[in-house]
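Chemist:
Residue numbers (the working numbering): 187 to 994.
Set out below in structure tokens:
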């Protein structure tokens with residue numbers, strides 16, 4: 187059951203019908219648009235929606251599906267059914283073109299061996315006559331034998347027609363030659379004016395003679411111009427020939443009619459099957475129109491479930507979507523849910539906050555879905571099936587029936603209460619308004635209680651506090667609110683389920699400039715309890731927004747802290763492992779040196795003994811022992827690296843290999859490459875080794891390196907602690923309230939640390955103000971080659987008051 191009778195107009199479905207009709211290419215398809223009906227049969231709805239979804243896939247993936255000649259020839263077929271009637275050449279030409287389209291559609295689905303389009307293939311099998319599943323090839327060939335590509339009867343359609351047209355061509359050629367000869371003679375005699383040629387009058391070829399000379403040529407005058415200056419004369423010399431031509435044309439027409447009568451007779455036995463085939467063609471046009479509209483309104487194929495439920499995310503009003511799309515305006519999607527636990531949603535909030543649009547969106551999408559159309563919701567949404575939809579939207583005042591708006595609303599409520607049940611979806615706008623508030627609120631609460639007892643599902647919009655409290659205290663109902671910026675007093679057009687909304691009437695009145703004493707006086711008249719209730723709702727809205735932002739920031743910081751801890755642990759493990767490796771190597775080297783030293787000492791002692799303490803010889807032996815100490819036991823320098831096999835990495839500004847001198851891009855930190863690992867390089871920065879991406883290194887000369895190292899104290903290089911830097915580094919810099927020079931210095935420090943540590947993204951909080959500090963910071967950041975791009979933060983996290991810096 188649908189209520190009221192004009193429910194389609196109330197919901198805007200009449201406009202959906204218009205859009206669908208515009209997408210059809212034939213009256214065949216448009217006839218199906220007129221037949222669209224609301225259904226509660228789950229299998230039928232599911233089949234229609236899947237057919238549309240499959241056709242949308244065809245539009246996206248296929249280019250071979252025919253899109254022309256969806257011609258409505260049903261009137262021709264009905265006339266052909268009359269005994270003795272026949273179709274003319276143009277009508278047979280239209281039948282040939284449209285049958286060819288049907289044939290192409292059949293071949294399209296026959297050639298699709300996979301089950302990509304199962305519903306459409308099933309529709310073809312169930313709609314087409316059983317003996318025409320392969321198409322109309324024989325009939326098309328028969329029509330082709332008679333009608334040519336220009337829609338005319340072919341010369342060889344019959345032997346008689348061929349002979350007639352051959353004779354006709356000969357006679358016409360003879361007459362034309364004779365007339366051209368006479369024309370030249372008359373032209374030379376001055377009987378014909380300039381720029382005048384042979385003409386046709388009464389289907390006969392004639393000469394255009396000047397009126398004063400028309401008697402000089404024997405013949406028949408067929409016509410004159412309006413001024414009487416030109417007479418169209420048929421010379422007597424061709425009179426008989428033209429008569430012969432006329433007779434042949436009559437014979438030709440008689441033979442063509444005979445041929446068309448025979449062709450119509452051949453068509454007549456197929457008329458029932460042809461009507462079924464054209465019904466299929468119309469269905470294809472109609473389903474394609476639904477798919478095209480679904481594409482334009484960004485519809486999807488959500489889960490269709492055979493139960494009473496509304497579980498939608500990213501739902502949009504299709505008409506509003508198209509209107510916003512024309513002006514490049516974003517549309518805010520709707521998230522709404524009705525189920526067995528929460529069957530009735532009571533929505534409150536300020537005027538012009540989107541409550542009515544929300545209500546119409548729910549009604550229109552549910553109606554569209556149960557008419558077999560795809561709807562604009564996210565694919566993971568669930569669309570349920572209701573047997574009845576009742577709506578009370580808009581002003582229903584009726585002068586004819588002497589009903590006020592409120593009386594009309596009550597009449598609607600009576601219908602809702604009598605006919606609603608567990609399979610009903612009702613939608614009520616401005617519930618209870620139109621009469622004295624306390625009485626209207628009490629009646630509305632009583633009606634809502636009975637609808638709840640009937641187990642009906644629904645959504646109501648209201649400003650009444652008693653309904654918000656009723657929804658909060660009774661199971662089966664749930665409050666909802668259209669979100670509102672309580673600080674800026676601007677609607678956000680988002681539905682939030684779980685809490686009531688405030689009307690913000692006093693705040694809005696104050697914002698638009700109503701005198702303060704009027705607002706204060708209204709608060710006094712309203713009463714302390716109501717004012718406190720509205721104030722509490724407003725404060726809760728602000729607090730929720732603040733806590734939501736803080737939670738988001740805390741979540742982000744927690745994630746970043748976890749990343750830093752993981753990085754720290756990884757670096758610590760690496761350093762511990764490296765330390766053990768170095769100690770083991772040192773121990774092995776020490777053993778080798780000690781062994782060599784012992785051998786040298788023993789050899790020295792032996793040689794001294796053998797030479798019986800000869801002073802000169804002992805002196806030489808001792809010098810050899812000292813040289814061994816110097817060569818073998820002196821410490822190795824760690825700054826310079828021995829260049830062995832040269833490994834190079836192609837870089838935009840040169841090649842970097844082991845042993846090359848480099849500097850960090852955008853900094854004055856120099857070092858030497860000691861190893862390469864893919865796109866990373868191990869660089870010795872003074873006495874510190876660090877893994878750095880090759881893309882952040884610049885190759886420098888040895889001279890530049892020595893000069894830079896000389897100017898940089900070794901103590902500074904030795905003092906760099908990466909662990910400490912990573913632990914203390916913060917990607918977020920707040921420079922609000924600082925002077926330009928001071929702010930730039932802090933930004934430089936942040937950039938140096940970020941580049942050194944390879945941090946991918948930074949966040950600089952400078953505030954909005956007049957944008958002076960923002961422009962100064964961004965201009966300064968453009969000097970850094972390591973900056974990839976700069977952008978404003980998300981509106982919920984500071985917008986233009988925060989610059990997000992993405993690093994290369």
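For every residue, glycine included, the Cβ atom is placed at its ideal position computed from N, Cα and C.
Let me check one thing: in DSSP terms, what residues is residue 189 bridge-paired to?
Modeler: Taking the chain shown and counting its residues from 1, one reaches residue 189 at position 3. DSSP output for residue 189 lists 576 as bridge partner(s).
Chemist: Note down, in chain order, each residue of its chain lying with its Cβ closer than 8 Å to the Cβ of residue 450, except the 5 sequence neighbours on either side.
Modeler: Here residue 450 refers to the residue found at position 264 when the chain shown is read from its first residue. The answer, listed in chain order, is 266, 271, 272 and 273.
Chemist: Looking only at DSSP bridge pairs, what is residue 421 linked to?
Modeler: Your numbering for residue 421 matches position 235 in the chain shown. Looking at the DSSP assignment, residue 421 forms a beta bridge with 405.
Chemist: Flag this pair as yes or no: are the beta carbons of residue 425 and residue 357 separated by less than 8 Å?
Modeler: Along the chain shown, one-based indexing puts residue 425 at 239. Along the chain shown, one-based indexing puts residue 357 at 171. No. Outside cutoff.
Chemist: Should residue 530 and residue 663 be called a contact, given that it needs their Cβ atoms to be closer than 8 Å?
Modeler: Counting from 1 along the chain shown, the entry for residue 530 is found at position 344. Counting from 1 along the chain shown, the entry for residue 663 is found at position 477. Closer than 8 Å, so yes.
Chemist: One question on the structure: do residue 477 and residue 287 come within less than 8 Å of each other, judged by their Cβ atoms?
Modeler: Numbered from its first residue, the chain shown carries residue 477 at position 291. Numbered from its first residue, the chain shown carries residue 287 at position 101. Contact flag unset, no.
Chemist: What residue does the beta strand (DSSP E) around residue 394 start on, and which one ends it?
Modeler: As a position in the chain shown, residue 394 is number 208, starting the count at 1. It spans 390–396 - the beta strand (DSSP E) in which residue 394 sits, taken as one unbroken run.
Chemist: Return helix, strand or coil for residue 608, following the three-state DSSP convention.
Modeler: Within the chain shown, numbered from 1, the residue matching residue 608 stands at position 422. Reduced to three states, the DSSP call for residue 608 is coil.
Chemist: Taking 8 Å as the cut-off, decide whether the C-beta atoms of residue 281 and residue 262 are in contact.
Modeler: The residue given as residue 281 occupies position 95 in the chain shown. The residue given as residue 262 occupies position 76 in the chain shown. Taking 8 Å as the Cβ cut-off, residue 281 and residue 262 qualify as a contacting pair.
Chemist: Report back the beta-carbon spacing between residue 290 and residue 252 to the nearest angstrom; my notes put them in contact at under 8 Å.
Modeler: Numbered from its first residue, the chain shown carries residue 290 at position 104. Numbered from its first residue, the chain shown carries residue 252 at position 66. Rounded, the Cβ-Cβ distance is 4 Å, consistent with contact.
Chemist: Could you say if the region 497–504 and the region 550–569 meet the contact criterion of at least three C-beta pairs nearer than 8 Å?
Modeler: Flag = yes, the region 497–504 and the region 550–569 touch.
Chemist: So the beta strand (DSSP E) residue 918 belongs to, where does it begin and stop?
Modeler: For the purposes of this step, residue 918 is taken as the residue at position 732 of the chain shown. From DSSP, the beta strand (DSSP E) with residue 918 extends over 918–920.
Chemist: From residue 758 to residue 987, what does the alpha carbon distance come to, in whole angstroms?
Modeler: Your numbering for residue 758 matches position 572 in the chain shown. Your numbering for residue 987 matches position 801 in the chain shown. Computed Cα separation, rounded: 38 Å.
Chemist: What residue from 275, 406 and 377 has the CA that sits closest to residue 441's CA?
Modeler: As a first step, residue 441 must be located in the chain shown, where it is residue number 255. Looking at the Cα atoms, 275 is the closest of the given residues.
Chemist: Could you tell me the distance, in whole angstroms, from the CA atom of residue 188 to the CA atom of residue 482?
Modeler: By one-based count along the chain shown, residue 188 stands at place 2. By one-based count along the chain shown, residue 482 stands at place 296. Approximately 28 Å between the Cα atoms of the pair.
Chemist: Of all the alpha helix (DSSP H) runs that stay within the bounds of the region 247–302, which reach a length of 4 or more residues?
Modeler: Listed in chain order, they are 260–266 and 275–296.
Chemist: What is the DSSP secondary structure of residue 559, counted as helix, strand or coil?
Modeler: Along the chain shown, read from residue 1 onward, the residue named residue 559 stands at position 373. DSSP places residue 559 in coil when its eight states are reduced to three.
Chemist: Let me make sure I understand the geometry here. Which of 893, 255, 560 and 775 has the alpha-carbon closest to that of residue 243?
Modeler: In the chain shown, the residue the question calls residue 243 occupies position 57. With distances taken between Cα atoms, residue 243 lies closest to 560.
Chemist: Please list the terminal residues of the continuous alpha helix (DSSP H) segment that includes residue 369.
Modeler: Working through the chain shown from its first residue, we reach residue 369 at position 183. Where residue 369 is concerned, the enclosing alpha helix (DSSP H) stretches over 345–374.
Chemist: Round the Cβ separation of residue 571 and residue 613 to the nearest angstrom and send it over; I've been treating them as touching at under 8 Å.
Modeler: For this step, residue 571 is matched to residue 385 along the chain shown. For this step, residue 613 is matched to residue 427 along the chain shown. About 16 Å; that fails the 8 Å criterion.
Chemist: Assuming residue 576 and residue 602 form a contact by the criterion Cβ under 8 Å, report the distance between their Cβ atoms to the nearest whole angstrom.
Modeler: For the purposes of this step, residue 576 is taken as the residue at position 390 of the chain shown. For the purposes of this step, residue 602 is taken as the residue at position 416 of the chain shown. Right, their Cβ atoms sit about 5 Å apart.
Chemist: Among 327, 556 and 777, which residue has its Cα nearest to the Cα of residue 493?
Modeler: Residue mapping note: residue 493 aligns to position 307 of the chain shown, counting from 1. Residue 556 is the option with its Cα nearest to residue 493.
Chemist: Tell me, please, which residues DSSP counts as bridged to residue 528.
Modeler: The residue you call residue 528 lines up with position 342 of the chain shown. Answer is 662, bridged to residue 528.
Chemist: Looking only at DSSP bridge pairs, what is residue 989 linked to?
Modeler: In the chain shown, counting from the first residue as 1, residue 989 sits at position 803. Per DSSP, 950 and 978.
Chemist: Label residue 980 either buried or exposed according to how many other C-beta atoms from any shown protein chain fall within 10 Å of its C-beta, with 16 as the threshold for buried.
Modeler: Position 794 of the chain shown holds residue 980. The residue in question, residue 980, is exposed, as its Cβ has fewer than 16 Cβ neighbours within 10 Å.
Chemist: The beta strand (DSSP E) that contains residue 847, what's its start and end?
Modeler: In the chain shown, residue 847 corresponds to position 661, counting from 1. It spans 847–850 - the beta strand (DSSP E) in which residue 847 sits, taken as one unbroken run.
Chemist: Are the beta-carbon atoms of residue 532 and residue 657 separated by less than 8 Å?
Modeler: Looking up residue 532 in the chain shown gives position 346. Looking up residue 657 in the chain shown gives position 471. It is a contact, given that the beta carbons lie within the stated cut-off.
Chemist: Opposite residue 668 in the DSSP bridges: which residues?
Modeler: Taking the first residue of the chain shown as position 1, residue 668 is located at position 482. Partner(s): 681.
Chemist: For the alpha helix (DSSP H) containing residue 642, list its first residue and its last residue.
Modeler: Position 456 of the chain shown, counted from the first residue, corresponds to residue 642. Looking at the DSSP string, residue 642 is not in any alpha helix (DSSP H), and its letter there is neither H nor E.
Chemist: Spell out a yes or no on whether the region 195–205 and the region 456–473 are touching, meaning 3 or more CB-CB pairs, one atom from each, closer than 8 Å.
Modeler: Contact fails: fewer than three Cβ-Cβ distances are below 8 Å.
Chemist: Strictly by DSSP, which residues pair up with residue 933?
Modeler: Locating residue 933 in the chain shown gives position 747, where the first residue counts as 1. None, per the DSSP bridge assignment.
Chemist: My guess is that residue 285 and residue 260 are in contact by the Cβ rule of under 8 Å, so how many angstroms apart are they, rounded?
Modeler: In the chain shown, the residue the question calls residue 285 occupies position 99. In the chain shown, the residue the question calls residue 260 occupies position 74. Not really, about 13 Å apart at Cβ, beyond 8 Å.
Chemist: In or out: residue 219 buried (at least 16 other Cβ within 10 Å) or exposed?
Modeler: Numbered from its first residue, the chain shown carries residue 219 at position 33. By the 10 Å Cβ count, residue 219 comes out buried.
Chemist: Three-state secondary structure (DSSP) at residue 600?
Modeler: Residue numbering aside, residue 600 sits at position 414 when the chain shown is read from its first letter. It is helical.
Chemist: Which one of 632, 636 and 686 has the shortest CA to CA distance from residue 1017?
Modeler: This structure does not reach residue 1017, given that the chain is present from 187 up to 994, and the question cannot be answered.
Chemist: Look up residue 781 in the DSSP assignment and say whether it is helix, strand or coil.
Modeler: As a first step, residue 781 must be located in the chain shown, where it is residue number 595. Three-state DSSP puts residue 781 in a helix.
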